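Converting from the sequence shown to the working numbering requires adding 1464 to each position, the first position being numbered 1. Beta carbons: idealized from backbone N, C-alpha and C, even for Gly. Treat the numbers as computed from the prediction; the structure is a model and nothing was measured. Everything below concerns the one structure shown next.
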Amino acid sequence: MNDFTEFDAFQLCRDFARSIAVPLNEGVFARDPVLVAQLRKTVLSIYSNFAEGFERDGNREFFQFVSVSKGSVGEARGQLLYAVDFGYLQIERFEPINTLGQRASQCLGGLMRHLNTSEMRGRKFKFRDDRNR
């Protein structure tokens, strides 16, 4: 992969984020600006950590940042449950968004397992590894 946007896990995270943006942008959460701000920060964390981890060019670092992204997906799902419980979001709208979040989380977990077991250490080690042969 040459760019973080090429990963299926990142694309699922984007789909999840976009699904959250719909009720946020419609003003459904208008009665709770603190929740809106927190959800936006949480979603931003998903994107930012995935991208930063990839750009560090090492599997261990990427694993750590993907783990943070995965945690942020869970955090957003929890915040959406709060929105349901406090009447900002109907359960019928929550369920498909939550399903996307679950899929994104599973895909991030799969990427983490791959990174954890891969013999390739990352792009920044390629030159060093080639020199040592």
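Inter-residue CB distance, Ala1473 and Leu1503 (contact presumed, cutoff 8 Å): Actually they do not touch by this definition, with Cβ atoms about 20 Å apart.
Gly1574 versus Phe1493 - alpha carbon distance: Cα-Cα distance, rounded: 32 Å.
Beta-carbon proximity of Ser1569 to Val1537, cut-off 8 Å: Yes, the Cβ-Cβ distance between Ser1569 and Val1537 is below 8 Å.
Cα-Cα separation, Gln1543 to Ile1561: Going by the C-alpha atoms only, they are around 12 Å apart.
Closest residue to Met1584 among Leu1553, Cys1477, Gly1522, Asp1549 (Cα-Cα distance): For Met1584, the closest C-alpha among the options Leu1553, Cys1477, Gly1522, Asp1549 is that of Gly1522.
Check: Cys1477 C-beta below 7 Å from any heavy atom of the ligand PLP: In terms of ligand content, the structure shown is empty, and the ligand PLP therefore cannot be addressed.
C-alpha gap between Arg1478 and Gly1535, whole angstroms: C-alpha separation (whole angstroms): 15 Å.
Contacts around Ser1582, its chain only, beta-carbon distance under 8 Å, and the 5 residues preceding and following it disregarded: Answer for Ser1582: Asn1523, listed in chain order.
Rounded C-alpha distance that separates Asn1466 from Met1576: Their Cα atoms are separated by approximately 18 Å.
CA-to-CA distance, Phe1527 to Asn1580, given in whole angstroms: CA-CA distance, Asn1580 to Phe1527, rounds to 7 Å.
Below-8 Å beta-carbon distance, Leu1503 vs any chain C residue: The displayed structure is made up of one protein chain only, and chain C is not part of it.
Candidates Ala1547, Asp1549, Phe1514, of which the one nearest Ser1533 by Cα: For Ser1533, the closest alpha carbon among the candidates Ala1547, Asp1549, Phe1514 is that of Phe1514.
Straight-line gap, Arg1482 to Leu1553 (C-alpha atoms, nearest Å): The alpha-carbon separation between Arg1482 and Leu1553 amounts to approximately 16 Å.
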